[in-house]
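Protein chains in written order, with full-length UniProt numbering: chain A, 1 to 646; chain B, 1 to 176. Beta carbons are placed, not taken as given, at the ideal position from N, Cα and C, and that holds for glycine.
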Amino acid sequence: MIAEAGLAALWIAAAMALLQLLGGALGLMKGREAAAAIVAPAAIVQAGFALLSFFLLIAVFVRSDMSVLLVAANSHSMKPMIYKVAGTWGNHEGSMLLWVTILSLSGATIALFEKKLRADTRLATLAAQAAIALGFYAFLLFASNPFARITGVLDGAGLNPLLQDPGLAFHPPTLYAGYVGMSAAFSFAVGALVTRNVSPDFARAMRPWILGAWIFLTIGITAGSYWAYYTLGWGGWWFWDPVENASLMPWLAATALLHSVTVLATRDGLRAWTIMLSVLAFSMSMVGTFLVRSGILTSVHSFAVDPERGVFILALLAIYIGGALALFAMRVSTVVEGNRFDMVSREAALVINNLLLSVILVVVLAGTLYPLILESLTGGKISVGAPFFNAMAGPIAVIMMVLLAAGPLLRWRSDRPRMVLDRMAVAILAAAIMLLTLAVFARGIGLLPLLGLVAAALVGVASLAPLWKRKLTRTPLFTLGMVMAHLGCAVSMAGMACDAAFTAENMVSMKANETSQVGPYSVTLLGVRETPGPNYQALEAVLSVRKGTGEPWQMVPQLHQFTDPPMTTNQAAIKTFWNGQLYLVVGENTDGTNFVMRMWWKPFVTLIWLGGILIALGGALSLLGRLQRDIWSARWPWGADKEATA
Amino acid sequence: MKRKLILWVPFGLCAALFIAFFIGLKNPADHVIASKMVGQPLPEFDAAPGIPGQPGAATRDFKDGKPRLLNIFASWCVPCVQEIPMLIRLKDAGAEIDGLAVHDTTPDLQAFLARNGNPYTRIGLDSAGKAQIAFGSAGVPETFVVDGQGKIIYQHIGVVTEEDMPKLMAMLGARP
Numbered sequence: 001m002i003a004e005a006g007l008a009a010l011w012i013a014a015a016m017a018l019l020q021l022l023g024g025a026l027g028l029m030k031g032r033e034a035a036a037a038i039v040a041p042a043a044i045v046q047a048g049f050a051l052l053s054f055f056l057l058i059a060v061f062v063r064s065d066m067s068v069l070l071v072a073a074n075s076h077s078m079k080p081m082i083y084k085v086a087g088t089w090g091n092h093e094g095s096m097l098l099w100v101t102i103l104s105l106s107g108a109t110i111a112l113f114e115k116k117l118r119a120d121t122r123l124a125t126l127a128a129q130a131a132i133a134l135g136f137y138a139f140l141l142f143a144s145n146p147f148a149r150i151t152g153v154l155d156g157a158g159l160n161p162l163l164q165d166p167g168l169a170f171h172p173p174t175l176y177a178g179y180v181g182m183s184a185a186f187s188f189a190v191g192a193l194v195t196r197n198v199s200p201d202f203a204r205a206m207r208p209w210i211l212g213a214w215i216f217l218t219i220g221i222t223a224g225s226y227w228a229y230y231t232l233g234w235g236g237w238w239f240w241d242p243v244e245n246a247s248l249m250p251w252l253a254a255t256a257l258l259h260s261v262t263v264l265a266t267r268d269g270l271r272a273w274t275i276m277l278s279v280l281a282f283s284m285s286m287v288g289t290f291l292v293r294s295g296i297l298t299s300v301h302s303f304a305v306d307p308e309r310g311v312f313i314l315a316l317l318a319i320y321i322g323g324a325l326a327l328f329a330m331r332v333s334t335v336v337e338g339n340r341f342d343m344v345s346r347e348a349a350l351v352i353n354n355l356l357l358s359v360i361l362v363v364v365l366a367g368t369l370y371p372l373i374l375e376s377l378t379g380g381k382i383s384v385g386a387p388f389f390n391a392m393a394g395p396i397a398v399i400m401m402v403l404l405a406a407g408p409l410l411r412w413r414s415d416r417p418r419m420v421l422d423r424m425a426v427a428i429l430a431a432a433i434m435l436l437t438l439a440v441f442a443r444g445i446g447l448l449p450l451l452g453l454v455a456a457a458l459v460g461v462a463s464l465a466p467l468w469k470r471k472l473t474r475t476p477l478f479t480l481g482m483v484m485a486h487l488g489c490a491v492s493m494a495g496m497a498c499d500a501a502f503t504a505e506n507m508v509s510m511k512a513n514e515t516s517q518v519g520p521y522s523v524t525l526l527g528v529r530e531t532p533g534p535n536y537q538a539l540e541a542v543l544s545v546r547k548g549t550g551e552p553w554q555m556v557p558q559l560h561q562f563t564d565p566p567m568t569t570n571q572a573a574i575k576t577f578w579n580g581q582l583y584l585v586v587g588e589n590t591d592g593t594n595f596v597m598r599m600w601w602k603p604f605v606t607l608i609w610l611g612g613i614l615i616a617l618g619g620a621l622s623l624l625g626r627l628q629r630d631i632w633s634a635r636w637p638w639g640a641d642k643e644a645t646a
Numbered sequence: 001m002k003r004k005l006i007l008w009v010p011f012g013l014c015a016a017l018f019i020a021f022f023i024g025l026k027n028p029a030d031h032v033i034a035s036k037m038v039g040q041p042l043p044e045f046d047a048a049p050g051i052p053g054q055p056g057a058a059t060r061d062f063k064d065g066k067p068r069l070l071n072i073f074a075s076w077c078v079p080c081v082q083e084i085p086m087l088i089r090l091k092d093a094g095a096e097i098d099g100l101a102v103h104d105t106t107p108d109l110q111a112f113l114a115r116n117g118n119p120y121t122r123i124g125l126d127s128a129g130k131a132q133i134a135f136g137s138a139g140v141p142e143t144f145v146v147d148g149q150g151k152i153i154y155q156h157i158g159v160v161t162e163e164d165m166p167k168l169m170a171m172l173g174a175r176p
């Protein structure tokens, strides 16, 4: 019964989306304004039913109802509770349901809280949101019904071993919240084009939504990177896998958007560009979803898929993205150009930042899709891989960092280069000291890591400069947020450069009681034992590790051998120190007594994720600052339609 | 008017992309192309050993009268993992298989082979990707069959799959 109720809730939600779309479209016509009244309530009710449907699917998983096909195919009655719940979205249908649920929730949030926007633009925005939701409801109901029944199954097939990790509980929902949150920016842009309202007010209304989605995206990517780092056992933190790239591309577009929307809000410039980026950010999210869900590219993220579904999603994408771009082409020429600015000004720095972000985006997009394009021309599946991406994106990222150091210290509209250099004096000094230190103590670390560390020092100091001579308590929260996010970039880049430059790696074949060295640590293999896990056989190596002549401690990396499906996964043993991580992996048994051990000493690698967290926190502070100011000026954000000014 | 045309560029690019996606979805299978390399002598290359304990690969190794398979791969290449079991089956059936690892390093290669298995008799390391260019290879993985006199008789772009096995078995004189 629960499954049928869930399906019914999904149908009602779809009907509400239709109502919301029709109400919005009619409401924009002359003489039919009354229809507009239905739109906001429909959005809220739609979200309620989508949420209900999603919770009912979770309930089906929790009860291990094996008469539901999805549960039988992806769950198992003996699975721990957390994986039963998380397993709900560890598969194609469930994750698509999560996707539309978040979409409808963001629509409802706009309906409830967005009062700054002009009424007709808000109406068009909600109608656009409904149009997107409707397509994905259709996809769920007609091509991916999560509640389909099956008979005669006694127990489930289980969940992919790689997904049986607490990471599954958090990584997809945060990432999806980010992906789908971008739909708000997309709908805002469509709404603004339809009602010809591209203005600073519009930008101010849109900004918190972009910030919110961007924060989730940042957290999702950071968490995903760490998850891959510790479960895949390759010691890497980013693999340029198509699906990783699919999450990076919307983030790049959203980061550019975040900065251009500020120019629009503050200086009324970059109107067309901001609209373009809004469309692009969500388009990249949908392309990401398509790449994951269609199985068109070979990736560690692919679930079992059939091409029919791929064609369905592709058709939806063509309608939404193609429609938005066509609307852009037709309407944007009627958008009056915004204010102009000098070559040396904060606007100019933001424009260059936008261009560089776009270049990285194009590089990542090209590298991800090149195999696909080649395949459609020649029919072969290939991969361009990390060397291409690192060589192309690395240098641009370093250039961007230098700009990031200068940008916040520039004045709006016009500035003098001399003054900027003055303001950056301390930061330049820090970068010079870093360069000298590295030149003396760390020769031969490679050009890119060297530049990365120097740029990180530059940005690390320069990012704090906006706080110079300011009382911390009287600094606006969004300025603090910006400072923290930029500092996060420096921290993260320092981590990446340290990982590339100073990682010590050792791969040896070891017998019991043999000792090997990695970085400052010596690792002794005490023995290897087999222990049965709940649904796998574990081979664990007991290692005794010590630094110099200090106290030894034990680390126990494991190799999990699953039989159904047959698969081996690594459980790396990781120990975190203040200055880095020791990462140990046990590999195959070569001849009975020898075991392949792979060990890394990764100085300061944790900075990569710490930086990501700082960036997200900075975003959160900014958002808080914006909302606080809105509440300040409007007293009560969901009260009377009072125009807010930031 | 010109400005208006420029505004349609994003739409055009997006349309082109979707057409490529659509073709990609519709034609998943056909991995065989008429190659310019087929019938040509194997390009000159001499790659140092990729891992200690196994010889490197060079053009001269392909003239011993026995047909050999040359697999261009890399440890960072995700699809390459997929075809290793196929290559191992070919090897177990008696085929001679050599590898050329591009843009790679010895530790990465060792880990890759330890993880996925090692079907290769010789492994050359082409760290700068020079040999790959000589082969006119567009990416990894790619597979060539050389006839024993140093002439290429078959080129396969992309992952070797189940369907390609009978043909490869026959060309390499292997018995399944």
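9 angstroms is my cut-off, CB to CB: does residue i come that close to chain A?
i, result
"B/K4", "yes"
"B/G24", "yes"
"B/Q110", "yes"
"B/F62", "no"
"B/G173", "no"
"B/F144", "no"
"B/F135", "no"
"B/E57", "The sequence as given places Ala at residue 57 of chain B; Glu does not occur at that position. Not an interface residue."
"B/L100", "no"
"B/F45", "no"
For residue i, collect the residues of the same chain with a Cβ closer than 6 angstroms to its Cβ; drop the 5 residues on either side in sequence, then sort them by chain order.
i, result
"A/S285", "Y179, M182, P250"
"A/I150", "L69, A72"
"A/G224", "H171"
"A/I219", "T174, A616"
"A/T195", "D120, T121, A124"
Pop quiz: residue i and residue j are said to be a contact at Cβ under 8 angstroms. What is the actual Cβ separation, rounded to whole angstroms?
i, j, result
"A/A246", "A/I210", "That belief does not hold up - the Cβ atoms of A/A246 and A/I210 are roughly 19 angstroms apart, past 8 angstroms."
"B/G124", "B/G56", "5 angstroms"
"A/P408", "A/H486", "7 angstroms"
Leaving out five residues on either side along the sequence, give the residues of the same chain with a beta carbon under 7 angstroms from the beta carbon of residue i.
i, result
"B/P67", "V145, V146, D147, G148, M171, L172, G173"
"B/C77", "V140, P141"
"B/S137", "I72"
"A/V508", "S516, M597"
"A/L467", "T475, V483"
"A/S260", "L270, W273, T274, L277, L350, N354"
"A/G94", "L57, L70, T88, P146"
"A/V263", "G269, L270, E347, L350"
"B/T121", "E96, I97, D98"
"residue 648 of chain A", "The question about residue 648 of chain A has no answer here: the residues shown for chain A are numbered 1 through 646."
What do you get for residue i, buried or exposed, if any count of 16 or more other CB atoms within 10 angstroms of its CB means buried?
i, result
"A/Q628", "exposed"
"A/T418", "At residue 418 of chain A the sequence reads Arg, which differs from the Thr that was named. A/R418 is exposed by the Cβ-count criterion."
"B/D92", "exposed"
"A/W89", "buried"
"A/S283", "buried"
"A/F577", "exposed"
"A/T101", "buried"
With a cut-off of 9 angstroms, does the C-beta of residue i fall near any C-beta of chain B?
i, result
"A/S273", "Here the sequence assigns Trp to residue 273 of chain A, which means Ser is not the residue at that position. Cβ-Cβ to chain B under 9 angstroms: no for A/W273."
"A/P371", "yes"
Sorted by chain position, which residues of the same chain lie with C-beta nearer than 8 angstroms to residue i's C-beta, five sequence neighbours on each side aside?
i, result
"A/M1", "none"
"A/A393", "I360, V363, V364"
"A/I428", "L421, L458"
So, is the C-beta of residue i closer than 9 angstroms to a C-beta in chain D?
i, result
"B/L87", "Any reference to chain D falls outside this structure, whose protein chains are A and B."
Measuring CB atoms only, is the segment 70 to 82 of chain A touching the segment 123 to 139 of chain A, in the sense that at least three cross pairs come out at less than 8 angstroms? no
Determine contact between the segment 12 to 32 of chain A and the segment 137 to 146 of chain A, defined as no fewer than three beta-carbon pairs at a distance below 8 angstroms. yes
Are there three or more Cβ pairs, one per stretch, closer than 8 angstroms when the segment 199 to 206 of chain A is compared with the segment 591 to 605 of chain A? no
Stretch pair the segment 533 to 541 of chain A + the segment 550 to 565 of chain A: three plus CB contacts closer than 8 angstroms: yes
Should the segment 452 to 465 of chain A be regarded as contacting the segment 495 to 513 of chain A, the criterion being three or more beta carbon pairs within less than 8 angstroms? yes
Any 3 or more C-beta pairs closer than 8 angstroms across the segment 100 to 120 of chain A and the segment 40 to 50 of chain A: yes
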